[in-house]
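Undergrad:
Protein chains: 2
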Amino acid sequence: MTDRRLAEDVRIVGSGLLGTSIGLGLAARGVDVVMDDVSPSARRLAVDYGAGREPAAGDAPGLIVVCVPPDVTASIVARELAAYPDALVTDVASVKAAPLAELRAMGADLGRYLGTHPMAGRERGGAISARADLFVGRPWVLAGHDDISYRRAGAIEDMILDLGAVPIELDVERHDRSVALVSHVPQVVSSLLAARLSEGDGAALQLAGQGLRDVTRVAGSDPALWVQILGANAPAVVDVLRPLRDDLERVIAALDAPEAPGSRRAIADALAAGNTGVARIPGKHGQDRRFSQIVVMVDDTPGELARLLTEIGEAGVNMEDLRLEHSPGAQIGLAEISVVPEAEQRLVAELEERGWTIAGAFA
Amino acid sequence: MTDRRLAEDVRIVGSGLLGTSIGLGLAARGVDVVMDDVSPSARRLAVDYGAGREPAAGDAPGLIVVCVPPDVTASIVARELAAYPDALVTDVASVKAAPLAELRAMGADLGRYLGTHPMAGRERGGAISARADLFVGRPWVLAGHDDISYRRAGAIEDMILDLGAVPIELDVERHDRSVALVSHVPQVVSSLLAARLSEGDGAALQLAGQGLRDVTRVAGSDPALWVQILGANAPAVVDVLRPLRDDLERVIAALDAPEAPGSRRAIADALAAGNTGVARIPGKHGQDRRFSQIVVMVDDTPGELARLLTEIGEAGVNMEDLRLEHSPGAQIGLAEISVVPEAEQRLVAELEERGWTIAGAFA
C-alpha cells in the first residue's frame, strides 16, 4: 500500500445519490472532479452542492465513474471507453453480470473496465440526499474479471479506500447471487408485506409495533429504480424467491389445517429455520460478536437521553449500538443500549447508582 | 375517570415475560399481587424478582390475570372462574376469538371474563426479561363481548391504565384480524426470509446492510410460542398470507420473463403497493406526523454520542427518534436524528457551529 495515492482527474457520469456522494467525497480530498449528467439541471444541482465542476473541452480524466441506472449502465460505460481511450472506467450499478456480458457482446475494451458496487444507499435518492461520507465503513464490491490487469484494478480500489469504504472482491456471478439474497429479495419481501397494509383496517394499524416498522422500512424505496435492479438480476432473485415461495406454501397448508398431524411441526420448522438464518448475520463492525442489551427508561424531554449517554461515557463504556423504542401515546422512551458483555454488570450498577431505572438487562 | 383506583388483590397465573412484568408493575404501585405458576421454580423466580408473593390459603383476589400460552388459556381461565366465584378474570393471550369460543362452549361464566391483549413483548421471553414498564405507552386491546357489564370491564381497563398502557377496544374477530396483519404475518414473512440466509454463501452475509437486519430482526423470536399463536389464529393469518402468496407468484412470473410485455409493470405495481402500505403505519406517539432527519458523523469512542445529544439538548430541540447506523469494519458511526420539521434548520446550524459534520438533512 506504499504507492497508494488519491485518484486524480475523475469524471463522474450521473449526478444521482451515488454519483454526487462520490463527487463530494473525492472533491473533499482535493481531487479534480468533473460532474456530468444527461440532464443539465441535475448536473448543475450536483455542481452547486460541491460535487465537482462542469465538464470542459480538453478534460482528460484518468478514471471515469459511471453512476447511472442499471438499464443504461453498459451503454454509457461503452460510450465512455470509446470517448476516453486512455481512461479507466468503472460503474456502481447494483448488478454486475449483465453489464459485463453486454459490454463483452459489444466488443468493448474490457482491459480498461472493472465494475464495482458500493453497499450503501438511502431510501431517498437524488443529489439532495447525497453525502460525502455515504460510503464510510461500508462494503464496496469489486466485481473482478480476467480481462483487466491487477495494476489497473488497484487504481479503482484506491478510490474506494479514499472514500472510506471496505473493498471486497467477488466475481460477477457471486456478487449477483449475494445481493439477491441480502438486498434484492429482502426488498421484494418487505414490499409484498407492506402492500398488505394498503388495504388493511385502520384500527389494525393502531396496533402496529416496532416489529412491523422494521420489517416494512425498506418498502419505502423508489419503485422505478428497483424495477431496474430486480429486472437486471432476475434469475438470481428468482432462485431465492422460489424456495421462499415453497416454504410459504408449506406454512399456508399447515395453517389451513393446524390440527392435522405434521402441521405444528411444519410451522415450527419454518420459524426455527428463521432463527438459524438471522443468527448468521454479522453484527456491527463486521464481527459475529453478540452484545448485551441494557434497557433504560428515559423521559421524553430534551437533554434526558444526552444525560444518560454522558453518564455512560463517564463510566468509560463504549456503546456498540443504541435503539430508542417508539412509545405511541406516551411521553416516555426506552433506550436499549448494546455493550460488550464484560461491561454489562458494571454499567447497570453505575447507572442505578445515578438514579436511572433499568428496565431490563440481558445477554 | 374520577373513580379510578388501583386494582386490588390481583392474582397472576403464569410467571413468564407478561405475567412477571404485570406483577412488577402492579407491585410497584402497592397492589397486593399473588404470583402463581404450574412450575414452582418459575413461580419462585418471579417472586424473587419482586413480581408478587407466593399464594396462600384464604387468598380472595378481586382480579385474576391469566398469562399462560394461548393453547391453555381457555382451560386455565375456566378453572380460575370456577375456583374464585367472586373474581373478575382476564387473560393476555395474543389471540382472542378462540379462547372466548372455547369458554362459551364450556359454559363458563362470561359475565366475569374479558380477554385482553397488550401489544408489548420482547424477542426474549421469561421472567428474566420482564420489566415493570413493559407496557408503558403501548396499545393494550380490550376484546369486548356482550356478556360482561360495562362496570366490570372498567376494572380491567383501570389495571391497563395503571400499567401505563393505552386501552383500545376491539371485538374479538377484529382484534384477531388486526394482529394477523400487523404482527403474525410480519413474523411469518420475516422468518421465511431469514430462513433463506441459513443456506446462503458466507460471503453474501458480509454484504448485509441495515435493510436486511431490519427485515429479519423478529425472525429471532421463540418458535414454540409462535407455533401456538399462529395455530390459534390460523384462519386470519392465512387470509393475509394467501393474497401475499398470489402477489409473490406474480413477481416470480414477471422475473421469470423480465423482458415480456407487462413484466416491468407487474414488478413496479408490487413495489408501489408497498410504498402505499408503509405510508399508512402511524409514527411515534400514534401520530401520522412525519419528521425531518438529520444525519451526523460521530466518532465511535465513549462520550462522543453523549456530547452530540447534550448539545442537541442545549439547543432546546427534542429528538423524536435516534438511530445509529452500523458501520462494518469502520470505527465511525452515523447518528440519524428525527426532529419536528420546524426544528431542522435551526438544529443543523447550531450543530455545524459547534463543529459537527452534518452528513445529510432531509424532510
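First to last, the protein sequences are chains A and B.
Quick note: the first sequence, position 300, residue 300 per full-length UniProt numbering, numbers continuous.
Quick note: the second sequence, position 90, residue 90 per full-length UniProt numbering, numbers continuous.
Just so you know, even glycine gets a beta-carbon here, dropped at the ideal spot from N, CA and C.
Kindly provide the ranges of any alpha helix (DSSP H) runs that are 4 or more residues long and lie completely inside the region 176-205 of chain A, ordered along the chain.
TA: The qualifying runs are 185-197.
Undergrad: So with CB distances below 9 Å, who are the chain B contacts of A/S190?
TA: What you label residue 190 of chain A is simply residue 190 of the first sequence in a count that begins at 1. Per Cβ cutoff of 9 Å: V189, L193, G211, D214, V215, G274 and V278.
Undergrad: For the region 345-359 of chain B, enumerate the residues whose C-beta is nearer than 9 Å to any C-beta of chain A, in chain order.
TA: Hits within the stretch, in order: T357, I358 and A359.
Undergrad: Since B/V240 contacts B/V295 with CB under 8 Å, what's their CB separation in whole angstroms?
TA: As a first step, residue 240 of chain B is located in the second sequence; it is residue number 240 there, counting from the start. As a first step, residue 295 of chain B is located in the second sequence; it is residue number 295 there, counting from the start. Going by Cβ atoms, the distance from B/V240 to B/V295 rounds to 35 Å, so no, they are not a contact pair.
Undergrad: Of all the CB atoms in chain A, is at least one closer than 9 Å to the CB of B/V172?
TA: Against the second sequence, residue 172 of chain B aligns to sequence position 172. No - not a single Cβ of chain A is within 9 Å of the one on B/V172.
Undergrad: For a contact defined as C-beta to C-beta under 9 Å, what are the partners of A/S178 on chain B?
TA: The count along the first sequence starts at 1 and reaches residue 178 of chain A at position 178. Under the 9 Å cutoff, chain B gives G200, D201, A203, A204, L205, Q206 and L207.
Undergrad: Under three-state DSSP, which class holds residue 429 of chain B?
TA: Since the displayed chain B opens at 1 and closes at 363, residue 429 of chain B lies outside it and no answer follows.
Undergrad: Quick one: list the residues of chain A neighbouring B/M159, beta-carbon separation under 7 Å, in chain order.
TA: Indexing the second sequence from 1 puts residue 159 of chain B at position 159. The contacting residues do not exist; B/M159 stays about 17 Å from chain A at best.
Undergrad: Which residue spans inside the region 141-179 of chain A form an unbroken beta strand (DSSP E) run of at least 3?
TA: Complete beta strand (DSSP E) runs here, min 3: 166-171.
Undergrad: Is there contact between the region 200-215 of chain A and the region 298-308 of chain B, where contact requires at least three CB pairs shorter than 8 Å?
TA: Judged by Cβ distances under 8 Å, the region 200-215 of chain A makes no contact with the region 298-308 of chain B, as fewer than three pairs qualify.
Undergrad: Please report the distance separating the alpha-carbon of A/S327 from that of B/M119.
TA: Indexing the first sequence from 1 puts residue 327 of chain A at position 327. Indexing the second sequence from 1 puts residue 119 of chain B at position 119. Since pLDDT at A/S327 reaches only 48, below the 50 mark, its modelled position is unreliable, and the value read off the structure follows with that caveat. The straight-line gap from Cα to Cα measures roughly 11 Å.
Undergrad: Am I right that B/R245 and A/I252 are in contact with their C-beta atoms under 8 Å? What's the rounded C-beta distance?
TA: In the second sequence, counting from the first residue as 1, residue 245 of chain B sits at position 245. In the first sequence, counting from the first residue as 1, residue 252 of chain A sits at position 252. Confirmed, about 6 Å.
Undergrad: Nearest by alpha-carbon distance to B/A56: which of B/D32, B/L110 and B/Y49 is it?
TA: One-based indexing of the second sequence puts residue 56 of chain B at position 56. Comparing Cα-Cα distances from B/A56 to each of B/D32, B/L110 and B/Y49, the minimum goes to B/D32.
Undergrad: Mind checking which residues open and close the beta strand (DSSP E) that includes B/G23?
TA: Locating residue 23 of chain B in the second sequence gives position 23, counting from the first residue. Not the beta strand (DSSP E): B/G23 falls in the alpha helix (DSSP H), residues L17 to A28.
Undergrad: Out of B/D158, B/D171, B/V72 and B/G62, point me to the one whose CA is closest to B/G14's CA.
TA: Looking up residue 14 of chain B in the second sequence gives position 14. Considering only alpha carbons, the answer is B/V72.
Undergrad: Which ranges does the alpha helix (DSSP H) cover as unbroken runs of at least 4 residues, wholly within the region 216-293 of chain A, from first to last along the chain?
TA: If we require 4 residues or more, the alpha helix (DSSP H) runs fully inside the region 216-293 of chain A come out as 223-232, 234-256 and 263-278.
Undergrad: Does the distance from the CB of B/E249 to the CB of B/S292 come in under 9 Å?
TA: Working through the second sequence from its first residue, we reach residue 249 of chain B at position 249. Working through the second sequence from its first residue, we reach residue 292 of chain B at position 292. Taking 9 Å as the Cβ cut-off, B/E249 and B/S292 do not qualify as a contacting pair.
Undergrad: When you compare the CB of A/D86 with every CB in chain B, is at least one pair closer than 9 Å?
TA: As a working note, residue 86 of chain A is residue 86 in the first sequence. Taking Cβ atoms only, chain B never reaches closer than 9 Å to A/D86, which makes this a no.
Undergrad: Compute the beta-carbon to beta-carbon distance between B/V278 and A/G220, rounded to the nearest angstrom, for a pair I have assumed lies under 8 Å.
TA: The count along the second sequence starts at 1 and reaches residue 278 of chain B at position 278. The count along the first sequence starts at 1 and reaches residue 220 of chain A at position 220. At roughly 5 Å, the Cβ-Cβ gap stays under 8 Å, so B/V278 and A/G220 are in contact.
Undergrad: Contact between the region 226-243 of chain A and the region 229-243 of chain B is defined here as three or more beta-carbon pairs at a separation below 8 Å; is this criterion met?
TA: The answer is no - the region 229-243 of chain B does not touch the region 226-243 of chain A, with fewer than three Cβ pairs under 8 Å.
Undergrad: Going along chain B, which residues have a C-beta under 8 Å from A/M119?
TA: Here residue 119 of chain A is taken as the residue at index 119 of the first sequence, counted from 1. Neighbours of A/M119 on chain B, chain order: L207 and G209.
Undergrad: Can you tell me which residues form a DSSP beta bridge with A/P55?
TA: Residue 55 of chain A sits at position 55 when you count from the first residue of the first sequence. DSSP, once it has assigned bridges, lists no residue as partnering A/P55.
Undergrad: By how many angstroms is the C-alpha of A/V141 removed from the C-alpha of A/Q287?
TA: Reading the first sequence from its first residue, position 287 is the one you call residue 287 of chain A. Reading the first sequence from its first residue, position 141 is the one you call residue 141 of chain A. Reliability of the predicted coordinates at A/Q287 is poor, the pLDDT of 39 falling under 50, and the value obtained from them is presented with this limitation in mind. Near 18 Å, if we compare the C-alpha coordinates of A/V141 and A/Q287.
Undergrad: Hey, how far is the Cα of A/N318 from the Cα of A/I337?
TA: Reading the first sequence from its first residue, position 318 is the one you call residue 318 of chain A. Reading the first sequence from its first residue, position 337 is the one you call residue 337 of chain A. Approximately 10 Å, taken between the alpha carbons.
Undergrad: So, at 8 Å on beta carbons, what are the nonlocal neighbours of A/D37 in its own chain, with the 5 sequence-adjacent residues on each side left out?
TA: If you number the first sequence from 1, residue 37 of chain A lands on position 37. Once the five neighbours on either side are set aside, the close Cβ partners of A/D37 are V13, G14, S15, G19, R43 and A46.
Undergrad: DSSP three-state call for B/R354: helix, strand or coil?
TA: Taking the second sequence and counting its residues from 1, one reaches residue 354 of chain B at position 354. The answer is coil: DSSP assigns B/R354 none of H, G, I, E or B.
Undergrad: Assuming A/S21 contacts A/A132 (C-beta within less than 8 Å), just tell me the rounded distance between them.
TA: As a first step, residue 21 of chain A is located in the first sequence; it is residue number 21 there, counting from the start. As a first step, residue 132 of chain A is located in the first sequence; it is residue number 132 there, counting from the start. Sure, about 7 Å apart at Cβ, within 8 Å.
Undergrad: How would you write the range of the beta strand (DSSP E) that A/D91 sits in, first residue to last?
TA: Along the first sequence, read from residue 1 onward, the residue named residue 91 of chain A stands at position 91. Note, A/D91: beta strand (DSSP E), L88 to D91.
Undergrad: Quick one: give me the first and last residue of the beta strand (DSSP E) that A/G115 is part of.
TA: Numbered from its first residue, the first sequence carries residue 115 of chain A at position 115. Segment G115 to P118, the beta strand (DSSP E) holding A/G115.
Undergrad: Suppose you measure from the CA of B/L192 to the CA of B/A224; what does that come to, to the nearest Å?
TA: Here the question's residue 192 of chain B lines up with position 192 in the second sequence. Here the question's residue 224 of chain B lines up with position 224 in the second sequence. Rounded to the nearest angstrom, the two C-alpha atoms are 16 Å apart.
Undergrad: Below 8 Å CB to CB, which residues in the same chain sit around A/A315 once its five sequence neighbours on both sides are set aside?
TA: Taking the first sequence and counting its residues from 1, one reaches residue 315 of chain A at position 315. Only R346, L347, E350 and L351 meet the Cβ criterion.
Undergrad: Pull up the CB-CB distance for A/P99 and A/V77, whole angstroms please, since I reckon it's below 8 Å.
TA: Stepping through the first sequence from its first residue, residue 99 of chain A is reached at position 99. Stepping through the first sequence from its first residue, residue 77 of chain A is reached at position 77. Indeed they touch by this definition, with Cβ atoms about 7 Å apart.
Undergrad: In angstroms, rounded to a whole number, what distance separates the CA positions of residue 377 of chain A and A/R11?
TA: The question about residue 377 of chain A has no answer here: the residues shown for chain A are numbered 1 through 363.
Undergrad: Any idea if B/D247 is buried or exposed, counting beta-carbon neighbours within 10 angstroms, 16 or more meaning buried?
TA: The residue given as residue 247 of chain B occupies position 247 in the second sequence. Classification of B/D247: buried, given that the 10 Å Cβ count is 16 or more.
Undergrad: How would you label A/M106, buried or exposed, when you count the other beta carbons within 10 angstroms and need 16 or more for buried?
TA: Against the first sequence, residue 106 of chain A aligns to sequence position 106. A/M106 is exposed by the Cβ-count criterion.
Undergrad: Give, in chain order, every residue of the region 71-104 of chain A whose Cβ lies closer than 7 Å to some Cβ of chain B.
TA: Residues: none.
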